[in-house]
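Quick note, the sequence shown lines up with residues 1 to 141 if you use the UniProt record's numbering.
Heads up, the beta-carbon is just placed ideally off N, CA and C, and yes, glycines get one too.
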Amino acid sequence: MNIKYRNADLQDEEELFVLAEKLATSYKLNKTDFSRIFSELLSNNNVDLVIAETESRLVGYAMSFHHSTFYANGLISWVEELIVLDEYRGMKIGKKLMEIIEEKAHGRGSKLVALATRRASEFYKAIGYDESAIYFKKTLT
Numbered sequence: 001m002n003i004k005y006r007n008a009d010l011q012d013e014e015e016l017f018v019l020a021e022k023l024a025t026s027y028k029l030n031k032t033d034f035s036r037i038f039s040e041l042l043s044n045n046n047v048d049l050v051i052a053e054t055e056s057r058l059v060g061y062a063m064s065f066h067h068s069t070f071y072a073n074g075l076i077s078w079v080e081e082l083i084v085l086d087e088y089r090g091m092k093i094g095k096k097l098m099e100i101i102e103e104k105a106h107g108r109g110s111k112l113v114a115l116a117t118r119r120a121s122e123f124y125k126a127i128g129y130d131e132s133a134i135y136f137k138k139t140l141t
């Protein structure tokens, strides 16, 4: 199977919405907010949004944010979202998406790539990531 990887563009909105719905477990996505956020992300120079696609459909994506920190003496990259459709898992698509995110982070001069996960720790360990911290959150209304 031929998988292509590229930066997301405006034409990907509908299919990305479907993928993002599958990823979201704590929130219910709505199309209005998604459309607004999608446009904002595409125009944000501190965001990378990379998709994986077959000839007929999107099968995964990864999104990372880049920002400066004191503790790292510079830029870090944070992977906010990564998903590959169930039927395409085990084909190294997630690994390739992360490699692209890492290449983009390196090209920006990032000191590290970090993320939080609840369901995929074994995947990240398998591609060279180390456990580093406990993730906390507080939901604001």
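Nearest residue (CA-CA) to residue i, options the options
{"i": "Ala-8", "options": "Asp-33, Leu-29, Ser-39, Lys-138", "result": "Ser-39"}
{"i": "Thr-25", "options": "Asn-46, Arg-118, Ala-105, Lys-125", "result": "Arg-118"}
{"i": "Glu-81", "options": "Met-1, Ala-116, Gly-107", "result": "Ala-116"}
{"i": "Gly-94", "options": "Val-79, Phe-136, Thr-32, Arg-108", "result": "Val-79"}
{"i": "Ile-134", "options": "Val-18, Phe-123, Ala-114", "result": "Ala-114"}
{"i": "Thr-32", "options": "Asp-130, Gly-128, Glu-14, Asn-46", "result": "Glu-14"}
{"i": "Thr-54", "options": "Tyr-124, Phe-70, Lys-138, Arg-6", "result": "Arg-6"}
{"i": "Asn-2", "options": "Glu-103, Gly-107, Lys-96", "result": "Lys-96"}
{"i": "Leu-10", "options": "Ala-120, Gly-60, Ser-43", "result": "Ser-43"}
{"i": "Gly-74", "options": "Thr-141, Val-18, Glu-103, Arg-108", "result": "Arg-108"}
Test item: CB-CB of residue i and residue j under 9 Å
{"i": "Ser-56", "j": "Ser-110", "result": "no"}
{"i": "Ile-101", "j": "Leu-23", "result": "no"}
{"i": "Val-47", "j": "Ser-64", "result": "yes"}
{"i": "Ala-72", "j": "Leu-112", "result": "yes"}
{"i": "Leu-16", "j": "Leu-58", "result": "yes"}
{"i": "His-67", "j": "Ala-105", "result": "no"}
{"i": "Tyr-88", "j": "Ala-52", "result": "yes"}
Delimiting residues of the beta strand (DSSP E) encompassing residue i
{"i": "residue 147", "result": "With the chain running from 1 to 141 in the structure shown, residue 147 is simply not present."}
8 Å contact criterion, which residue i and residue j should meet: CB distance rounded
{"i": "Leu-41", "j": "Leu-49", "result": "6 Å"}
{"i": "Ile-127", "j": "Met-98", "result": "6 Å"}
Residue i: CB within 8 Å of a non-hydrogen atom of the ligand FMN
{"i": "Tyr-129", "result": "The ligand FMN is not among the ligands present in this structure, which contains no ligands whatsoever."}
Checklist entry - Which runs of the beta strand (DSSP E) fall wholly inside the UniProt domain "N-acetyltransferase" (3 to 141) and span at least 3 residues, in chain order? => result 4 to 7, 47 to 53, 58 to 69, 74 to 84, 113 to 115
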